[in-house]
Every structure is written in C-alpha cells, then in structure tokens.
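Visitor: If you scroll down you'll find the structure; I have some questions about it.
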Amino acid sequence: MTAKPRHSRRSFIKLSSLSAGLLSFQPISAFVDPENKKPVVISTWNNSRANDAAWEILQSNGYALDAVEQGARIPEGNPKDTSVGYGGLPDREGIVTLDACIMDEKSNCGSVAFVQGYKHPISIARAVMEKTPHVMLVGKGAEQFAQANGFKKENLLTKESEKAWKDWLKKSEYKPYHDPGQHDTIGILALDINGRISGACTTSGMAYKMHGRVGDSPIIGAGLYVDGEIGAATATGVGEEMIRIAGSHTIVELMRQGRTPQQACEEAVMRVIKKRGETMAKELNVAFLALDIQGNIGAYSTTDTFEYTLTTPDHNHIVIRSASYFK
Ligand code: SD4
236 MTAKPRHSRR SFIKLSSLSA GLLSFQPISA FVDPENKKPV VISTWNNSRA
286 NDAAWEILQS NGYALDAVEQ GARIPEGNPK DTSVGYGGLP DREGIVTLDA
336 CIMDEKSNCG SVAFVQGYKH PISIARAVME KTPHVMLVGK GAEQFAQANG
386 FKKENLLTKE SEKAWKDWLK KSEYKPYHDP GQHDTIGILA LDINGRISGA
436 CTTSGMAYKM HGRVGDSPII GAGLYVDGEI GAATATGVGE EMIRIAGSHT
486 IVELMRQGRT PQQACEEAVM RVIKKRGETM AKELNVAFLA LDIQGNIGAY
536 STTDTFEYTL TTPDHNHIVI RSASYFK
C-alpha cells in the first residue's frame, strides 16, 4: 500500500511559480499541510506585502504571533499607506494618533491607543502584552512605556498627509463614513503549521477624527478577537460600528456555536445593518474577516468596496473582492 502524500506537487508548483522573485521559500514539504489548509494568513485590503512578511515566518514553521506582528509592521512603515502608522492621515488638529492590538491563541493580548510619535504601535502592543501585567495602555502612558522599552520617537506626519489635512480644513467636513480610496487599516490573522492562531490590527484611525477619538482597532473584541480553540476575527471600516456590536468577539462566538467563518461574518454585518437601518448603513463601510482553526475563512462587508489578501499554500497573496450586503 502506498502512503498518501502529505503535500501535493500541485501546491508546490503553484506556490513556487507565483512567488518567484518575491521570497525565497523553503522546500514545501517543510511546511505545507493541505489537508488542514495550514499555514494561512489573511489580511484586510490589498496588503500583499504584509502577507509576504507574515508568510516568510509561517513558511519556516514560525509562530503565528510573529507572523501577524511582522505583517502589520509593513503598512505601519509605509508612508504611502495613509491609514496606518507613518504617513497616516491626522486628526482634525493635524496630529497623527495611532491605535493597535495583538492577540495570541492563549488569549494573551496587548493594546495601545492614542499613541503619538511611534511608527510601530503593533510592536508596542506586543510589548504591553509580554512585559506588563496590563492589556491596554493609552496616550502619554503608552508613549512613556514605548520610550522606556527602546522604541524610537519620530515625526509621523508626512508632507502629503499634512497637505491632505490642510485641504480638508478648508471645509472641515467630517463624514461618518469612510472614503473607499482612503483606507487600508490592516487586520491580519494567521494560523501556523502547528495550529496556533493569532491576530493583529493597527491603524491611524478615521482621517480627521476628533482629537482623542479611538476606534475599534485597539479594542480587544471589537477590531480583533482570537480564541485558540475556535478561530479569530478582525475588522476594518467605521470603528464605532464594530465597537457597538463587539464585532470580532461576536464572530468568534458565532463560530463557537457552529457557524462557518463566512456565516459568522455575514451575521455580524447584518447586526450592524439592523441596528443602524439600511439608509444609514449604506453609508458606513464595515467589513469583517474571520479564520477558524481548521483554516476556513470568511469575509463580508456592508458596501462592495472591501478587498482582502489571502495567502495559503495554494493561493499566493491573492487579493479577493469580498461579498457584501449592498451591491
Ligand atoms: C477606525 N477601523 O479607527 C478604523 C478605521 C479603518 O481603514 O478601518 N480604516 O475606526
């Protein structure tokens, strides 16, 4: 009797040809587990470079937590990404304030909010998780902690973002919806070859928000939730709506009750629509991603502008348009 091959040649060919020139992969047999769809990384929007960074860790049998942190750092460091980290659009006073959180399969979690002058809040959040008895630090306290832990303080307002803010000031009109061209907040979920699941979420928040406003992204249960026995969920869009329904936690609990990741995302979006009414919900970009510990994924949004990036042994950094309630 011949043993069933654990790894298909098809996976190998697809992965190596699609990834040529992007990354140097280890032999596929070192990490692919097609029967369990592991490893897998999924992130909000077109975040292929973030998935690349995460995949580099996952493909060498690395830890999902390291993968999501390294993935999240990519848009944080990219000045062209105006929704995250360096280059993020400021609040209405012209100040860039950042929010982030991270969570592992054992429900260890860390979060920072309303942080100014540090490019990588996701790594500060991880340090909060690993080095303090707390889950969340905000504002000056988070900045003091960052400084004490060797994070470099720098100016995050790029010339482009400053100009965009000055243009915005002419009308100073804050619309409670998110312009599709303007968001790339990253929520990133990963399942490693050993079945450990983790997530990270990082943002500069809604452009031109009130000074001091914090959205869903650093709130455990709203912008991100992970349960090592069930799966994980993350969110992007108008954070007030995710907070209102504790969106990411809701999705994980729905999966615990037997919904697929897709069904759970759809139910969470429907809850937002029910609470806000169709007329208002049509203006609100709210999107969820979910991943269960078997490697099944789900994605759903209110409006039809949401995309996500998926990387598995069979799908290398493909950007997929999500299903949505409003077409
Ligand atoms: C927030 N959810 O601060 C974030 C914004 C976002 O893409 O997702 N932007 O509400």
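Residues in the sequence shown are numbered from 236 upward in steps of one, following my numbering.
Beta carbons are placed, not taken as given, at the ideal position from N, Cα and C, and that holds for glycine.
Keep in mind it's a predicted model, so treat the numbers as computed, not measured.
Taking only runs of the alpha helix (DSSP H) that begin and end inside the segment 423-493, which ones reach a length of at least 4 residues, in chain order?
Guide: Along the length of the segment 423-493, whole alpha helix (DSSP H) runs at least 4 residues long occupy 474-479, 482-491, reported in chain order.
Visitor: For S557, which residues in the same chain have their Cβ closer than 7 Å to its Cβ, ignoring the five residues on either side in sequence?
Guide: Here the question's residue 557 lines up with position 322 in the sequence shown. A522, A534, Y535, S536, F541, E542, Y543, listed in sequence order.
Visitor: Just to confirm, is the Cβ distance from T438 to D549 under 7 Å?
Guide: Position 203 of the sequence shown, counted from the start, is the residue given in the question as residue 438. Position 314 of the sequence shown, counted from the start, is the residue given in the question as residue 549. Contact flag unset, no.
Visitor: Quick check on the burial criterion: 16 or more other C-beta atoms within 10 angstroms. Buried or exposed for S295?
Guide: Reading the sequence shown from its first residue, position 60 is the one you call residue 295. Under this definition S295 is an exposed residue.
Visitor: Classify E389 as helix, strand or coil using the three-state DSSP reduction.
Guide: For the purposes of this step, residue 389 is identified with residue 154 of the sequence shown, where counting begins at 1. Correct three-state label for E389: coil.
Visitor: Is S563 near the ligand SD4 - that is, is its Cβ less than 6 Å away from at least one heavy atom of it?
Guide: The first residue shown for the chain is 236 and the last is 562, placing residue 563 beyond what the model contains.
Visitor: Please report the distance separating the alpha-carbon of H369 from that of K562.
Guide: Numbered from 1 along the sequence shown, position 134 holds the residue referred to as residue 369. Numbered from 1 along the sequence shown, position 327 holds the residue referred to as residue 562. Whole-angstrom Cα-Cα distance: 42 Å.
Visitor: If I'm right that I480 touches V449 with Cβ under 8 Å, what's the distance once you round it to whole angstroms?
Guide: Working through the sequence shown from its first residue, we reach residue 480 at position 245. Working through the sequence shown from its first residue, we reach residue 449 at position 214. With 8 Å as the limit, I480 and V449 do not qualify as a contact, their Cβ atoms being about 17 Å apart.
Visitor: Check R327 in the structure and name its three-state DSSP category.
Guide: Stepping through the sequence shown from its first residue, residue 327 is reached at position 92. Looking at R327 - three-state DSSP - the assignment turns out to be coil, as it is neither helix nor strand.
Visitor: Give the straight-line distance between the Cα atoms of G385 and I421, rounded to the nearest whole angstrom.
Guide: Your numbering for residue 385 matches position 150 in the sequence shown. Your numbering for residue 421 matches position 186 in the sequence shown. Distance between G385 and I421, taken at the CA atoms: about 24 Å.
Visitor: Please specify which runs of the alpha helix (DSSP H), each continuous and at least 4 residues long, are wholly inside the segment 520-544, giving them in chain order.
Guide: none
Visitor: Can the beta-carbon of I292 be found closer than 7 Å to that of I532?
Guide: As a working note, residue 292 is residue 57 in the sequence shown. As a working note, residue 532 is residue 297 in the sequence shown. Contact: no.
Visitor: Say the cut is 6 Å; is the CB of M371 nearer than that to a heavy atom of the ligand SD4?
Guide: On the sequence shown, position 136 is the one that residue 371 refers to. No, since every heavy atom of the ligand SD4 falls outside the 6 Å radius drawn around the Cβ of M371.
Visitor: Thinking I359 and V350 are a contact (beta carbons under 8 Å), I'd like their distance in whole angstroms, please.
Guide: Position 124 of the sequence shown, counting from 1, holds the residue named residue 359. Position 115 of the sequence shown, counting from 1, holds the residue named residue 350. Between V350 and I359 the Cβ distance is about 7 Å, and since that is below 8 Å, they are a contact.
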